[in-house]
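Since the structure comes first, as structure tokens, the remarks are kept for the end.
Residue numbers (the numbering used here), protein chains in the order written: chain B, 17 to 614; chain L, 17 to 301.
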């Protein structure tokens with residue numbers, strides 16, 4: 017496959033992943049959307065020819081299973097997910113190195129230090145080590161591209177899946193990439209080999225032996241690899257580092273010697289020992305957990321790290337500088353003169369104007385239901401002013417946790433699990449079967465907007481189209497719930513406030529497992545939906561601000577109008593209103609009406 | 017006089033989700049790249065795009081390691097929204113410069129204090145020698161497309177960040193949709209020609225006087241229908257164990273009187289405290 021090469025491009029880290037995999041000759045790319053990994057599959061769908069199969073899977077476990085299957089069938093394959101997604105795929109992940117590969121298999125896992133858009137901050141490097149696979153940690157887009165290319169070669173050479181681990185800053189930064197010549201890997205076909213591919217205990221034991229033997233060879237391999245780079249400068253301070261932390265160190269301590277690790281499993285122990293011997297004082301700078309630091313300590317070397325650099329949150333150049341000042345490596349800085357700047361405005365994410373998830377949460381709060389929530393835009397239903405979510409842990413947890421609440425005897429108010437359509441199909445379906453089987457009394461509200469909205473509107477199974485926009489089979493959510501034994505299963509229009517109220521009230525009063533599906537397309541993605549805009553008649557508005565309890569960002573105080581009895585009247589921002597009518601339905605003074613034309 | 021082509025520097029573009037922050041950053045980064053400079057750009061994706069703060073950071077020079085800008089070294093801020101621009105002031109280098117749109121987008125979180133009506137947003141006039149307020153919205157409308165406000169600011173920046181004008185125009189051509197290019201080029205020119213600082217006009221952050229209200233309930237008349245519970249915008253009313261309505265947080269009452277008007281049994285009275293009562297309350301507290 018000839019792809020044009022050689023011009024320098026400014027690529028997002030995630031775009032470099034896709035380009036690297038494409039130039040390595042992948043024939044299958046699959047994953048589940050999750051910040052900060054989402055753009056990889058989306059970009060792949062844009063740049064890959066139709067001969068490359070690009071798709072979203074229903075969850076990360078399915079994606080990795082697809083990846084293993086494709087690899088054994090002979091294709092080079094890319095599987096993408098965020099850090100918490102790798103937990104979902106763990107079962108397959110831990111056994112995949114025992115099976116090995118046929119076509120190269122690379123799993124791209126994007127961590128989110130600082131939890132910009134995640135429920136935890138796990139350091140997935142432990143999961144690369146845990147599985148015993150070669151692990152790459154690029155620090156900019158060029159390295160991502162190069163490491164991806166190399167990962168496919170290594171995967172096939174050593175008969176193992178490879179992990180490429182990025183972080184938010186690497187995935188979501190743009191930098192220069194000079195691509196190299198695309199390769200066309202030779203055809204491989206599926207060869208029946210149950211002793212290698214069927215993990216019966218007898219064969220798995222052999223796989224385990226292969227894994228351990230391979231780890232020995234990999235340990236020798238990584239010592240010589242050019243991705244392990246010793247940069248000798250001033251030897252008073254030596255820093256072992258990887259990923260984005262390398263860039264921070266280069267900026268803050270340009271003269272220090274650095275051992276830059278591109279491969280962080282296995283670790284090049286001899287190179288680390290040699291480097292430690294050349295410097296007076298040895299540091300490890302790394303984000304989140306002391307993965308490298310502990311390994312260096314285990315070699316019996318004196319090293320400093322987390323004493324000076326925080327374990328929680330994302331590292332910044334300021335924090336790295338502060339750490340080196342605390343360590344006495346850098347001289348303390350003069351604090352800048354205090355300035356009287358205006359206080360920064362808090363602007364937390366909110367549900368969009370016209371978001372169909374608003375009314376179910378308004379009603380659930382009125383019903384004082386115990387709401388077991390889930391992962392998606394609608395997790396924002398936990399914040400003011402909706403404040404109608406009591407728990408949220410991980411993808412698909414809502415239903416199982418609701419069952420647990422019921423079994424623990426929580427009875428004062430109805431128990432409701434609130435879950436999006438994409439999350440329901442990701443991890444909610446087995447839990448719904450469990451709820452029916454175990455005879456819980458609860459209501460599942462499926463907030464159905466047809467897309468994975470939080471990550472930018474990727475189509476779900478229910479949407480009826482794939483990542484390339486081609487029409488595919490559509491899944492009937494209500495039919496799935498009925499087949500699993502939920503009863504009643506009712507669909508309701510979330511823009512009809514009264515109907516949502518009646519439906520949820522009836523459902524929460526019925527015994528057994530009921531399902532309410534609130535169905536409306538996302539107003540933001542894939543298309544922006546705008547209906548007839550609404551406006552507030554200032555003559556009628558008394559400033560009760562009940563409409564603002566929807567949390568709609570289009571509604572705000574009218575600071576130019578005369579207040580009504582010392583209360584701000586409300587104004588609708590015409591540029592933001594989508595015409596969902598929800599505020600008009602709840603206004604007690606009938607002050608909200610369609611905007612007059614012209 | 018045309019400013020000199022910069023050899024190294026950095027720019028932050030700050031705004032709210034959906035304002036084209038990422039695109040503007042791409043245009044600047046592209047410009048640097050086409051001048052043979054190394055460039056790195058940090059973007060914000062994911063949750064913040066739901067109405068939260070969005071920013072892009074561009075760093076360029078002969079060799080760039082770090083992607084994020086350190087405190088005290090920020091050279092230029094392009095603020096697509098007033099408060100988002102001011103947010104970056106503490107990072108500004110001593111000679112740094114802010115081009116801030118005077119457009120204000122008040123987040124819902126700034127409008128929560130319903131009793132006092134106070135706004136948690138810099139509404140007062142703020143003028144500073146390093147902050148240049150641009151009425152980008154009006155200039156964008158003049159250019160024929162309100163969505164070009166960001167490009168107006170790019171035009172203003174181009175008078176300081178001295179890449180050749182032709183290079184700016186070429187970069188715009190590579191990144192904005194073809195059908196909108198003409199309006200964007202007009203917006204760019206209007207931004208270049210911009211001169212008058214126009215900070216947003218000050219607004220009253222709260223009503224002149226505050227009132228306090230007392231909620232009175234004729235218990236014998238209350239039958240526990242819960243209408244007041246459902247309609248109160250402040251969610252003050254709750255039914256107690258005897259199904260009688262009780263005000264749980266009367267200090268949150270804004271005096272809208274919906275409960276009083278809708279109570280079918282005329283059981284609720286919303287009483288405005290007299291000034292003397294207020295003095296009494298203040299004294300008693």
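Idealized CB from N, CA, C, for every residue including glycine.
In the structure shown, the three-state DSSP call for residue 415 of chain B is helix. In summary, the residues of the region 177 to 200 of chain B whose CB is separated from some CB of chain L by less than 9 Å are 184, 185, 186, 187, 188, 189, 190, 191 and 192, in the order they occur in the chain.
When only Cα atoms are considered, residue 524 of chain B and residue 414 of chain B end up about 16 Å apart. Partner residues in a beta bridge of residue 238 of chain L, as assigned by DSSP, do not exist. Below the 9 Å Cβ cutoff, chain B contributes no neighbours of residue 244 of chain L, its closest Cβ being approximately 12 Å away. With 16 or more neighbouring CB atoms inside 10 Å of its own CB, residue 91 of chain B falls in the buried class. Taking 7 Å as the threshold, the shortest C-beta distance from residue 161 of chain L to chain B does not fall below it. If one requires a minimum length of 4 residues, the alpha helix (DSSP H) runs lying completely within the region 305 to 343 of chain B are 307 to 314 and 333 to 342, in chain order. Using a Cβ distance threshold of 7 Å, residue 37 of chain B and residue 70 of chain B do not count as a contacting pair.
In this structure, the alpha-carbon of residue 468 of chain B lies about 27 Å from that of residue 382 of chain B.
Where residue 51 of chain B is concerned, there is no enclosing alpha helix (DSSP H), because DSSP gives it neither an H nor an E. Residue 350 of chain B does not reach chain L, its nearest Cβ partner there being about 10 Å away, counting only Cβ pairs nearer than 8 Å. Counting the other CB atoms within 10 Å of its CB gives residue 216 of chain B a total below 16, which places it among the exposed residues. Proximity of residue 584 of chain B to chain L, defined by a Cβ-Cβ separation below 7 Å, is satisfied.
For residue 208 of chain B, the closest Cβ of chain L is not nearer than 7 Å. Neighbours of residue 106 of chain L in chain B, taken as residues at a C-beta separation under 7 Å, are given in chain order as 357. Using a 10 angstroms sphere on the CB of residue 214 of chain B, the tally of other CB atoms stays under 16, which defines it as exposed. In the assembly as shown, residue 412 of chain B is a buried residue. Its beta-carbon has 16 or more other beta-carbons within 10 Å. Assignment of residue 97 of chain B by DSSP, reduced to helix, strand and coil, places it in the strand class.
Of all residues in the region 265 to 283 of chain L, the ones placed with a Cβ closer than 9 Å to any Cβ belonging to chain B are 270, 271, 272, 273, 274, 277 and 278, in chain order. Taking the C-beta atoms as reference points, residue 127 of chain L is found nearer than 7 Å to residue 572 of chain B. In the displayed model, residue 83 of chain L falls within coil according to three-state DSSP, outside both helix and strand. Per DSSP, residue 98 of chain L is one residue of the alpha helix (DSSP H) stretching across 98 to 102. Taking 7 Å as the Cβ-Cβ cut-off, the region 75 to 92 of chain L approaches chain B at 81, 82, 83, 84, 86, 87 and 88, given in chain order. Annotation: the continuous beta strand (DSSP E) that includes residue 76 of chain L extends over 69 to 77. Among the CB atoms of chain L, one or more fall inside 7 Å of the CB of residue 573 of chain B. DSSP places residue 374 of chain B in the uninterrupted alpha helix (DSSP H) bounded by 374 to 382.
Remark: C-beta atoms of residue 283 of chain L and residue 219 of chain L do not approach each other more closely than 7 Å. Taking C-alpha positions only, residue 146 of chain L is separated from residue 190 of chain B by approximately 28 Å.
Contact of residue 429 of chain B with chain L by beta-carbon distance below 8 Å is absent, the smallest such distance being about 13 Å. Rounded to whole angstroms, the gap between the alpha carbons of residue 553 of chain B and residue 510 of chain B is 25 Å.
Beta bridge pairing from DSSP links residue 174 of chain L with no other residue.
Taking the CA atoms as reference points, residue 285 of chain L sits about 46 Å from residue 135 of chain B.
Distances from the CA of residue 86 of chain L to each of L/49, L/123 and L/25 were compared; the closest alpha carbon is that of L/25.
Beta-carbon to beta-carbon, residue 50 of chain B and residue 101 of chain B are separated by about 5 Å, close enough to satisfy the 8 Å threshold. The beta carbons of residue 105 of chain B and residue 80 of chain B sit closer together than 7 Å.
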